[in-house]
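2 protein chains.
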Amino acid sequence: MKTEIVAVGTELLLGQIVDTNSSWMGEQLALAGIDSHYQTKVGDNWDRIEDAFRLALDRSDAVIVCGGLGPTQDDITREVLASVMGVELVLDERIAERIRSMFASRSRPMPENNLRQAMVPVGASPIPQQPGTAPGLVAPIRWVQGVGAIAPGAEPPAGAEVLDRVVYVVPGVPYEMREMMNGTVLGDLQRRAGVSATIESRVLRTWGQSESGLAEMLAGRIDELDEAGNPTLAFLASGIEGIKVRITAKGADSAEAWQLIDAEQAVLEPLLGDLVFAYDDDNMETAVLAELGRLGLTLGVAETITGGRMANRLSSAEAAMRAG
Amino acid sequence: MKTEIVAVGTELLLGQIVDTNSSWMGEQLALAGIDSHYQTKVGDNWDRIEDAFRLALDRSDAVIVCGGLGPTQDDITREVLASVMGVELVLDERIAERIRSMFASRSRPMPENNLRQAMVPVGASPIPQQPGTAPGLVAPIRWVQGVGAIAPGAEPPAGAEVLDRVVYVVPGVPYEMREMMNGTVLGDLQRRAGVSATIESRVLRTWGQSESGLAEMLAGRIDELDEAGNPTLAFLASGIEGIKVRITAKGADSAEAWQLIDAEQAVLEPLLGDLVFAYDDDNMETAVLAELGRLGLTLGVAETITGGRMANRLSSAEAAMRAG
Chain E
1 MKTEIVAVGT ELLLGQIVDT NSSWMGEQLA LAGIDSHYQT KVGDNWDRIE
51 DAFRLALDRS DAVIVCGGLG PTQDDITREV LASVMGVELV LDERIAERIR
101 SMFASRSRPM PENNLRQAMV PVGASPIPQQ PGTAPGLVAP IRWVQGVGAI
151 APGAEPPAGA EVLDRVVYVV PGVPYEMREM MNGTVLGDLQ RRAGVSATIE
201 SRVLRTWGQS ESGLAEMLAG RIDELDEAGN PTLAFLASGI EGIKVRITAK
251 GADSAEAWQL IDAEQAVLEP LLGDLVFAYD DDNMETAVLA ELGRLGLTLG
301 VAETITGGRM ANRLSSAEAA MRAG
Chain X
1001 MKTEIVAVGT ELLLGQIVDT NSSWMGEQLA LAGIDSHYQT KVGDNWDRIE
1051 DAFRLALDRS DAVIVCGGLG PTQDDITREV LASVMGVELV LDERIAERIR
1101 SMFASRSRPM PENNLRQAMV PVGASPIPQQ PGTAPGLVAP IRWVQGVGAI
1151 APGAEPPAGA EVLDRVVYVV PGVPYEMREM MNGTVLGDLQ RRAGVSATIE
1201 SRVLRTWGQS ESGLAEMLAG RIDELDEAGN PTLAFLASGI EGIKVRITAK
1251 GADSAEAWQL IDAEQAVLEP LLGDLVFAYD DDNMETAVLA ELGRLGLTLG
1301 VAETITGGRM ANRLSSAEAA MRAG
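Protein sequence lines, in the order shown, are assigned to chains E and X.
Counting from 1, one number per residue, gives the positions in the first sequence under the working numbering.
Counting from 1001, one number per residue, gives the positions in the second sequence under the working numbering.
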């Protein structure tokens, strides 16, 4: 199930916004066991968006398109998709109603423009999650490489191989995109790919060794894991955050994956000794604060040179721990 | 002069690293007056890198390739480029010597692998700037769309249109990439594009109005500028950093561009009043510190809730002002 990502928006090409969405999606696809081979950024230009869609549909089974779903005239992802599919856009009354009521609940008049967001290509379905005004779309497409989409009811050229492709469209607003990816896209991709396995991972946070030093300490175990293939290890040098050792395991279900991870952790930790200071999203600050809490100690900080940086990191961590 | 960017590295696709390089390059290309229409990320896979190079050479005049220049076996940008060019790689003795002396100056033995970095495709030239061990490359290519490169000395197919393309290869390490972009790539692109104009810009940092509020305050002036076309204005909402108003001007030389910017600033500032608190890379902290300095005042900070954040921002700014 080859999947690729197309991010739409001139602001991405101009570097006014860094495309963190594609990075996040790439990570989620990897964790879900879905291959992703290309990520493309393209500006708000009809011809180039269309070229990017056609190329992606020629070479990948699934395409995730991110962005270009806003209410203004330069947001044309919907229109280009319908054109590539060879279908019309029709107003989806339920989406229109949802958008109207969003504006009403904020006591704001709805600009007519916003109804553009309720237009859906014939044959595509809205993604159920819709945290903002922009609806996401799932568009199954019958595709012939080098030819294009076979419109609903149309016959493919004689002898042509018809491929089942799917395009997902999600908004560029990060929390909207994430909700749709988690709620619909990733699961749908796994279902189509026949991925029944579940992939889980845990990060051991380490401090005090270089990446090559860690690789040396774990060399024997890495060789064994390379041969077995599951779980896998990855090192990620993260600057001031130390070096992360990620254990990733695949199982028939989540419980089996976690069992493999727990077993692997039990092998690695004796080898790593006290280099491991925390797990997953915990960091040096939360580790220090947890230890202080355990000992019933409080901490006063007087800083020079670092000018409040230590206090800032510690208090941010404390706030996160309280909120969590 | 259509230019596109190809970023190479599986870690980019997996989201382990956010591709800030492409964003930065996109911004620099825009400021240099060079069109850039696509940015593609591709993993460390020969076939897919080759496909990405061929596609880029088919549709763009210039291609900037970033990454895949390291010393290890999975860094294959050099090899794929030579293959696409239809030429051999040869050892560049001067680069080899430079790499050897870098290791010698750190009293470290040079792994033989590192000499891979001194291999250059026949017909390509090393980029003079080489802050790390990875040399950048400038590779002029004679290209026939849909066919490929015409190797040096070879004849193009009869009747084929031969296009002059150029590929720049720069390392993925940000400061190395930037030094090569600023030192060689951007200037070379402008020369090839016949861009004789110089583009300069200044940012007015504002606080206290929304983006649409600013647009309303400046509406009349924006209309005038839209008609004249030079200079141009752009708004950039930057969260806690306020909203940036960027004036960009094109001139026959730098002095002319700055003259236009100064004149435009003199028009805008009376309209914006005291919303403008700083310019370019200065921010709220440096503005406050400069004002305190002017008044001969010192500042003590006692923080709750923000837990050192204010002290941290102020002291970072102070350090930057001293260093600057």
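Don't be surprised by glycine CBs; every beta carbon is placed ideally from N, CA and C.
For clarity, every value in this text was computed on a predicted model and none was experimentally measured.
The three-state reading of DSSP puts T1232 of chain X in strand, counting E and B together. With a 10 Å radius around the Cβ and a threshold of 16 neighbouring Cβ atoms, Y279 of chain E comes out exposed. Runs of the alpha helix (DSSP H) lying entirely within the segment 3-90 of chain E, each at least 4 residues long, are 10-13, 20-31, 46-59, 77-85 in chain order. The beta carbon of E27 of chain E falls within 8 Å of a beta carbon belonging to chain X, placing the residue at that interface. Inter-residue distance for G1183 of chain X and Q1129 of chain X is about 7 Å (C-alpha atoms, whole angstroms). For V1267 of chain X, the enclosing alpha helix (DSSP H) has its first and last residue at 1254-1272.
The beta carbon of Q39 of chain E falls within 8 Å of a beta carbon belonging to chain X, placing the residue at that interface. Around the CB of E200 of chain E, 16 or more other CB atoms lie within 10 Å, so the residue is classed as buried.
Pairing P152 of chain E with R116 of chain E gives a Cβ-Cβ distance that is not under 8 Å. Neighbourhood of T1020 of chain X in chain E, by CB distance below 7 Å: V18, in chain order. For a Cβ distance threshold of 8 Å, residue set H37, Y38 of chain E lies close to R1048 of chain X, ordered along the chain.
Going by C-alpha positions, W207 of chain E is about 42 Å away from A1139 of chain X. Its Cα nearest to that of I17 of chain E, the residue X:E1027 stands out among X:E1027, X:V1008, X:V1090, X:T1010. According to DSSP, residue pairing for T248 of chain E in a beta bridge involves E:S201, E:T232.
Assignment of L163 of chain E by DSSP, reduced to helix, strand and coil, places it in the strand class. Across the segment 309-323 of chain E, CB contacts with chain X closer than 9 Å involve R309, M310, A311, N312, R313, L314, S315, S316, E318, A319, in sequence order along the chain. In this structure T298 of chain E is exposed. Its beta-carbon is surrounded by fewer than 16 other beta-carbon atoms within 10 angstroms. Annotated three-state conformation of A319 of chain E is helix, per DSSP. When Cβ-Cβ separations below 8 Å define contact, A30 of chain E makes contact with chain X. Rounded to whole angstroms, the separation of the alpha carbons of P126 of chain E and V63 of chain E is 16 Å. Only buried fits Y38 of chain E, as 16 or more other CB atoms lie within 10 angstroms of its CB. Within the model, the alpha-carbon separation for E318 of chain E versus N283 of chain E is close to 11 Å. Nearest CB-CB separation between L1013 of chain X and chain E: below the 8 Å threshold. Around the beta carbon of Y1175 of chain X, fewer than 16 other beta carbons sit within 10 angstroms, so the residue counts as exposed. Distances from the CA of R59 of chain E to each of E:I49, E:G146, E:V65 were compared; the closest alpha carbon is that of E:G146. The segment 94-106 of chain E makes no contact with the segment 159-171 of chain E; the number of CB pairs closer than 8 Å stays below 3. Cβ neighbours of T1040 of chain X within its own chain (closer than 6 Å, five residues either side excluded): V1006, A1052. Here L13 of chain E really is in contact with G43 of chain E; their C-beta atoms are around 5 Å apart, less than 8 Å. Contacts with chain E (Cβ-Cβ distance below 9 Å) from the segment 1042-1075 of chain X involve V1042, G1043, N1045, R1048, D1051, A1052, L1055, R1059, listed in chain order. At least one CB atom of chain X sits nearer than 8 Å to the CB of L236 of chain E. In the DSSP assignment, A278 of chain E falls within the beta strand (DSSP E) that extends over 276-279. When Cβ-Cβ separations below 8 Å define contact, S210 of chain E makes no contact with chain X. Using a Cβ-Cβ distance cut-off of 8 Å, the segment 1161-1171 of chain X and the segment 289-308 of chain E are not in contact, since fewer than three pairs of beta carbons, one from each stretch, lie closer than that value. Non-local beta-carbon contacts of N230 of chain E in its own chain, meaning distances under 8 Å to residues more than five positions away in sequence, involve A249, K250, L260 in chain order. Just so you know, the alpha carbons of L236 of chain E and R205 of chain E end up roughly 10 Å apart.
Contact annotation: P121 of chain E and L57 of chain E have beta-carbon atoms that are not nearer than 8 Å.
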